[in-house]
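Novice:
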Amino acid sequence: MDLTPASSVGAPAGSPGSAQRQACEAASWQLSINHYFHTDRLQAAVLSESWAPHEYELKGSDPESGSEQGNMGSWKCGSCLSSLLIPLALWSIIVNILLYFPNGQASYASSNKLTNYVWYFEGICFSGIMMLIVAAILLVLENDNNHKCCQSENCSKKYMTLLSMIFSALGIAFSGYCLVISALGLLQGPYCRTLDGWEYAFEGTAGRFLTDSSVWIQCLEPAHVVEWNIILFSILIALSGLQVIVCLIRVVIQLSKILCGTYSVIIQPGII
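Numbering (our numbering), first residue to last: 171 to 442.
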């Protein structure tokens, strides 16, 4: 766009029209230079804002929604597994108590005529009471409303995850103890009265009596004690085995949170 007045076109060099034309040209150049530098600064500001380093959580396309959905999913999964330990522990206590009363009679327990593996309290203490304590602690640790152990929220979650993994490992130890003792009691057989007196009638059979019901008649007293021990010890093995599986799954989940949890990465200009 020509800003030179029409009256100044073709005017002599020393005339007033020539001076006016030069002044208009100088003003036009000044406006062009100001516009150029203003546009250049604006473009530089936009580029610097666009390529500034940002932190993103690698948890999905949307960091905030992915983190929230991941936390909710892991909380629901962990709380369900912890809640499952409670009925398993209660049933272990009940089954272990029944082992003290063959056919509903308390006289054999009072006279110490039961298999010695019953007195290890594997179902009452370890797979029962101790597992109830572990389940309660795990439920508290899974709660998002618990107090922070440090100033950073991420640090607090890591400590909660580590404690949850430790107590889950303790749950494996307690239920594993019950599993091993119950298996040994099942293979040993009951303590019963035979024609030779009170003894472990099937102790040397290495568990072969479990599949040969014809030899069960060797136990004369208590009545049906072989079936009683086989059924109850088998139930204890199943309950404690489920507890081991649940706690093992929890350990894997918590370990994956620690090793592959939320972390930040800085995207530098030129990477993408």
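Cβ coordinates follow ideal geometry from the N, Cα and C atoms, glycine included.
For Met335, which residues from the same chain have a beta carbon less than 8 Å from its beta carbon, with the 5 sequence-adjacent residues on both sides left out?
Specialist: As a working note, residue 335 is residue 165 in the sequence shown. Taken in chain order, the residues that qualify are Arg420, Val421, Gln424, Leu425, Ile428.
Novice: Please report the distance separating the alpha-carbon of Val288 from that of Leu349.
Specialist: Taking the sequence shown and counting its residues from 1, one reaches residue 288 at position 118. Taking the sequence shown and counting its residues from 1, one reaches residue 349 at position 179. For Val288 and Leu349, the distance between alpha carbons rounds to 13 Å.
Novice: DSSP three-state call for Cys362: helix, strand or coil?
Specialist: Numbered from 1 along the sequence shown, position 192 holds the residue referred to as residue 362. Note: Cys362 maps to strand in three-state DSSP.
Novice: Which of helix, strand or coil does DSSP assign to Asp232?
Specialist: Position 62 of the sequence shown, counted from the start, is the residue given in the question as residue 232. Residue placement at Asp232 cannot be trusted, given a pLDDT of 45 that sits under 50; what the coordinates show is reported in the next sentence. Looking at Asp232 - three-state DSSP - the assignment turns out to be coil, as it is neither helix nor strand.
Novice: Taking Tyr278 as part of the alpha helix (DSSP H), name the residues at either end of that continuous run.
Specialist: Within the sequence shown, numbered from 1, the residue matching residue 278 stands at position 108. Taken as a continuous stretch (DSSP letters only), the alpha helix (DSSP H) holding Tyr278 covers 277-280.
Novice: Using a Cβ-Cβ cutoff of less than 6 Å, which residues in the same chain neighbour Leu269 once the five nearest sequence positions on both sides are dropped?
Specialist: As a working note, residue 269 is residue 99 in the sequence shown. Taken in chain order, the residues that qualify are Val288, Leu402.
Novice: Ignoring anything shorter than 4 residues or poking outside the stretch 330-392, list the alpha helix (DSSP H) runs there in chain order.
Specialist: Fully enclosed alpha helix (DSSP H) runs of 4 or longer: not present.
Novice: Leu406 and Gly293 - do their beta-carbons sit closer together than 8 Å?
Specialist: Along the sequence shown, read from residue 1 onward, the residue named residue 293 stands at position 123. Along the sequence shown, read from residue 1 onward, the residue named residue 406 stands at position 236. Closer than 8 Å, so yes.
Novice: Any idea if Thr331 is buried or exposed, counting beta-carbon neighbours within 10 angstroms, 16 or more meaning buried?
Specialist: Walking along the sequence shown from the start, residue 331 turns up at place 161. By the 10 Å Cβ count, Thr331 comes out buried.
Novice: Check this for me: beta carbons of Gly355 and Phe379, under 8 Å apart or not?
Specialist: As a position in the sequence shown, residue 355 is number 185, starting the count at 1. As a position in the sequence shown, residue 379 is number 209, starting the count at 1. No, the pair does not count as a contact, with Cβ atoms beyond the cut-off.
Novice: Cα separation between Ser345 and Ser281?
Specialist: Sequence index remark: in the sequence shown, residue 345 carries index 175 (1-based). Sequence index remark: in the sequence shown, residue 281 carries index 111 (1-based). Computed Cα separation, rounded: 29 Å.
Novice: Is Phe296 helix, strand or coil when you go by DSSP?
Specialist: Position 126 of the sequence shown holds residue 296. Looking at Phe296 - three-state DSSP - the assignment turns out to be helix.
Novice: Report the CB separation of Lys283 from Trp368 in whole angstroms; it is logged as a contact under 8 Å.
Specialist: The sequence position of residue 283 within the sequence shown is 113, counting from 1. The sequence position of residue 368 within the sequence shown is 198, counting from 1. About 6 Å; that satisfies the 8 Å criterion.
Novice: Under three-state DSSP, which class holds Asn313?
Specialist: Working through the sequence shown from its first residue, we reach residue 313 at position 143. Note: Asn313 maps to coil in three-state DSSP.
Novice: CB-CB under 7 Å to Cys417, same chain, minus the five flanking residues each way: which ones, in chain order?
Specialist: The residue given as residue 417 occupies position 247 in the sequence shown. Correct list, in chain order: Ser338, Gly341, Ile342, Ser345.
Novice: Going by beta carbon distance, what residues of the same chain come within less than 8 Å of Gly298, once the five residues before and after it are set aside?
Specialist: One-based indexing of the sequence shown puts residue 298 at position 128. So the list reads Ala259, Leu260, Ser262, Ile263, Asn266, once near-sequence residues are dropped.
Novice: Is Cys430 closer than 8 Å to Pro392 when the C-beta atoms are compared?
Specialist: Here residue 392 refers to the residue found at position 222 of the sequence shown. Here residue 430 refers to the residue found at position 260 of the sequence shown. For Pro392 and Cys430, no; Cβs fall outside 8 Å.
Novice: Using beta-carbon positions only, say whether Gln388 and Ala376 come within less than 8 Å of one another.
Specialist: In the sequence shown, residue 388 corresponds to position 218, counting from 1. In the sequence shown, residue 376 corresponds to position 206, counting from 1. The answer is no: Cβ separation not under 8 Å.
Novice: Classify Thr381: buried if its beta carbon has 16 or more other beta carbons within 10 angstroms, exposed otherwise.
Specialist: Translated into the one-based positions of the sequence shown, residue 381 becomes position 211. By the neighbour-count rule (16 or more Cβ atoms within 10 Å), Thr381 is not buried but exposed.
Novice: Classify Ala473 as buried or exposed, calling it buried when 16 or more other Cβ atoms lie within 10 Å of its own Cβ.
Specialist: The question about residue 473 has no answer here: the residues shown for the chain are numbered 171 through 442.
Novice: Evaluate Leu390 with the Cβ neighbour count: other Cβ atoms within 10 Å of its Cβ, from every protein chain shown; 16 or more gives buried, anything less gives exposed.
Specialist: To locate residue 390, count along the sequence shown from 1; it is residue 220. Exposed.
Novice: How long is the line joining the alpha carbons of Leu357 and Ile303, rounded to whole angstroms?
Specialist: On the sequence shown, position 187 is the one that residue 357 refers to. On the sequence shown, position 133 is the one that residue 303 refers to. Computed Cα separation, rounded: 30 Å.
Novice: State the CB to CB distance for the pair Met301 and Leu333, rounded to an integer number of angstroms; the pair is presumed to be in contact (CB under 8 Å).
Specialist: For the purposes of this step, residue 301 is taken as residue 131 along the sequence shown, with counting starting at 1. For the purposes of this step, residue 333 is taken as residue 163 along the sequence shown, with counting starting at 1. Not a contact, Cβ separation roughly 17 Å.
Novice: May I have the straight-line CA-CA distance separating Lys327 from Leu311, to the nearest angstrom?
Specialist: As a first step, residue 327 is located in the sequence shown; it is residue number 157 there, counting from the start. As a first step, residue 311 is located in the sequence shown; it is residue number 141 there, counting from the start. If I take the Cα positions, the gap works out to 9 Å.
Novice: Closer than 8 Å, CB to CB, is Gly367 near chain D or not?
Specialist: Among the chains in the structure shown there is no chain D, since it carries only a single protein chain.
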